[in-house]
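Residue numbers (the working numbering): 17 to 261. We put the beta carbon where it would ideally sit given N, CA and C, even for glycine. Remember, it's a predicted structure, so these values are computed and weren't measured experimentally.
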């Protein structure tokens, strides 16, 4: 069943859908009166029946109680040093499918890509659209927030709001005795928010790793193999899902 995120709530069980979502219902899906969709508003999903069409808008009536939420039991924030090319698109889409709560991009020492301030807003909006579409496809109740890019110093300040702070360290992965990610997760069952930092293609510098650890982060390895910048966040989200779901 097609799912749509609508910003305004139902009023007396009724709702008007407009914009791109209304266009998708009419022009792409070619739906008719009486057909049922899922409407997510205020992080709550309900089935809704198409009651009629008013020009380009679609009028729907709520037809079910709140549906079960499919959100991860932990709010996981993924922090990525700017990667190259279209890797951000992939990270945004797949991490959304795996339950990411929000994505924070930051300028790392080894980031090759530089964020163009003029184009940055459009890029952020495009990533937010990718997250919305992925959230609809994976039947989520929440669209992950794609935050404005921050400096490394700002990232350290933002990290103070999370319960569990982790940084993926490829040097830790090379050690004979590695930090077991699974052991850290088993100790986080009573915590609500998890923030995980990943470097760009070249990884994080030792200065950045040390600064993170000085600010309460725990270094983790993701097994003995070195993962690509776009693979590591998906590994972490999968492991978190396995542990808590």
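Grouping DSSP H, G and I as helix and E and B as strand, with all else coil, what is residue i?
| i | result |
| --- | --- |
| residue 22 | coil |
| residue 202 | helix |
| residue 82 | coil |
| residue 182 | strand |
| residue 255 | helix |
| residue 235 | strand |
| residue 240 | coil |
| residue 167 | coil |
| residue 172 | helix |
| residue 225 | helix |
| residue 136 | helix |
| residue 107 | helix |
For residue i, is the classification buried or exposed, using 16 other Cβ atoms within 10 angstroms of its Cβ as the cut-off for buried?
| i | result |
| --- | --- |
| residue 108 | buried |
| residue 59 | exposed |
| residue 102 | exposed |
| residue 152 | buried |
| residue 246 | buried |
| residue 237 | buried |
| residue 156 | buried |
Hey, out of the options, whose CA is closest to residue i's CA?
| i | options | result |
| --- | --- | --- |
| residue 116 | 159, 246 and 56 | 159 |
| residue 164 | 181, 155, 151 and 141 | 141 |
| residue 203 | 56, 256 and 96 | 256 |
| residue 90 | 58, 79, 205 and 81 | 205 |
| residue 223 | 162, 178 and 185 | 185 |
| residue 74 | 103, 86, 101 and 41 | 41 |
| residue 88 | 196, 137, 68 and 111 | 111 |
| residue 118 | 137, 219 and 92 | 92 |
| residue 213 | 244, 128, 161 and 183 | 183 |
| residue 227 | 82, 175, 143 and 28 | 175 |
| residue 173 | 43, 233 and 260 | 233 |
| residue 230 | 169, 261 and 69 | 169 |
I'd like to confirm the pairing. Which residues does DSSP put opposite residue i in its beta bridges?
| i | result |
| --- | --- |
| residue 93 | 118 and 211 |
| residue 155 | Bridge partners of residue 155: none, in fact. |
| residue 162 | 119 |
### Message
What ranges does the alpha helix (DSSP H) occupy inside the segment 28-78, keeping only unbroken runs of at least 4 residues that lie completely in it?
### Response
35-39
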